[in-house]
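For reference, the structure is listed below as structure tokens.
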Amino acid sequence: MTDLIEAPARRHTKPDPIGAGFLYHCAPRFADLYRALVECGGRIDMIEYLATHFGSDVEYVAEVNRSLGDPPSTLHCYEYMIGCVDRPDERTITKLRRMAELANCQYIGEHVGMMGTGERYSGTFLQPFGTDEQTERFIDNLRDLEGAPGCPLTIENQSQVYNQVGPRSICEQVRDIALGADVGILLSLSNFIIAERFVSMDRERELAAIPLDHVWQVHLPLGRAEELNDPGLGLDWRREEQRWANSTLEQLFREPSFKPVSVIFEIEDAGTPSHARPEELRDALDWARELLGADTEVAVAS
């Protein structure tokens, strides 16, 4: 893999910091949360959408984005199939490009994983194997896609981890793909936590593998504090995991090369039955902005 890493397809160029936001699902309770966030003095600088939510109505993403004040966005996506031999058809590429245009999309995040083949969908992300052959496939696919999405692609470390098959761990493969294809990285601390459900993970090793200058975005969980602290719910371990994610992010920001574009909070699968309260989300966004050194004023809908 050395020759691929030393001869990237194009120069890696990262945007200036944009700010903080959260992963938005197209559901009424997310719209309600956003309104409550604004009412309590909170704001977003950026929003993340799941591309699959707009698969049957691409134009709807523009309406949703307008309802949030037309902020910059990023798409969470798997339709580019960057880990598969099968390639997406032109209709899918055109649809995703249109979605990116309508949503003021700054970049798209793709998992370093597989969803199946062009004909058979697995129903979940499949663990990448970490082999030379597969790593080269990721790099070749990303190079071939250059320009097709209409905005840059970033790659995200996988959450479903069962065992190490090839010579690379999850983040070691993310490193080699990012350097080989010269793309940004979506570093998901949330996925580190999820991975522990499957097999014990050496988090220090995984983090040490990530080239921090390539990190564009970070994902963190944000659960509801009163539920994390409720003895009856037995969520002590989730509370400790959230503390780990927050302290790890603060530690990463002490590294001179760590200059992400955005911090995105995941509130849907943060380990608590209910979403974080609007005030908790407001405070988390302010904290992330302070770490980023970004205070972008984005108009929000009232």
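By the working numbering, the letter at position 28 of the sequence shown is numbered 37, and the numbering carries on one by one without gaps. Beta carbons are placed, not taken as given, at the ideal position from N, Cα and C, and that holds for glycine. Bear in mind that the values here come from a model prediction, so they are computed numbers and not experimental data.
Straight across, the Cα-Cα distance linking G78 with E205 is about 37 Å. The beta carbons of G28 and L301 sit closer together than 8 Å.
If you draw a straight line from the Cα of I148 to the Cα of R286, it is about 41 Å long. The beta carbon of N150 lies closer than 8 Å to those of Y89, M90, I91, G92, C93, R96 in the same chain, with the five residues before and after it left out.
Beyond the five residues adjoining it in sequence on each side, G232 comes within less than 7 Å, by CB distance, of R247, Q251, A279, G280, T281, A285 in the same chain, given in chain order. In the structure shown, V73 adopts helical secondary structure according to DSSP, grouped into three states. Taking C-beta separations shorter than 8 Å and ignoring five residues to either side along the sequence, the partners of P158 in its chain run Y89, I102, L105, R106, A109, I117, following chain order. Bounds of the beta strand (DSSP E) holding L196 are 193-197. DSSP lists V272 as the bridge partner or partners of A29. Shown here, E165 sits in a strand according to DSSP, grouped into three states.
Under the Cβ criterion (8 Å, minimum of three pairs), the region 173-182 counts as touching the region 135-143.
For the options F63, D211, V224, the alpha carbon positioned closest to that of V183 is the one of V224. Secondary structure of P230 (DSSP, three-state): strand. Under the DSSP assignment, Q182 falls in the alpha helix (DSSP H) whose first and last residues are 179-190. Annotation for V272: A29, V227, A297 place their beta carbon closer than 6 Å to its own, counting only its chain and skipping 5 residues before and after.
By the CB criterion at 8 Å, L229 and S209 fall outside the cutoff. Counting only the Cα atoms, C49 lies some 33 Å from E264. In the three-state scheme derived from DSSP, where H, G and I count as helix and E and B as strand, I91 is classed as coil. Nearest to M123 by C-alpha distance, out of I164, A112, D98, is I164.
Its Cα nearest to that of E155, the residue A190 stands out among Y130, N172, A190. Collapsing the DSSP output to three states places Q115 in a strand.
With a cutoff of 8 Å on beta-carbon distance, S82 and Q115 are scored as near each other. Pairing C180 with E215, the inter-Cα distance amounts to about 5 Å. A straight line joining the alpha-carbon of H62 with that of A36 spans about 10 Å. For E128, there is no enclosing alpha helix (DSSP H), since its DSSP letter is neither H nor E. With contacts defined as CB atoms closer than 8 Å, E145 and L111 fail to qualify as a contacting pair. Closest option to M55, judged by alpha-carbon separation, among E99, L84, A40, T126: L84. Assigned with DSSP and collapsed to three states, S82 falls in strand. Counted as a single uninterrupted DSSP element, the stretch harbouring I219 is not any alpha helix (DSSP H), since DSSP gives it neither H nor E. When secondary structure is reduced to three states using DSSP, Y58 falls in the strand class.
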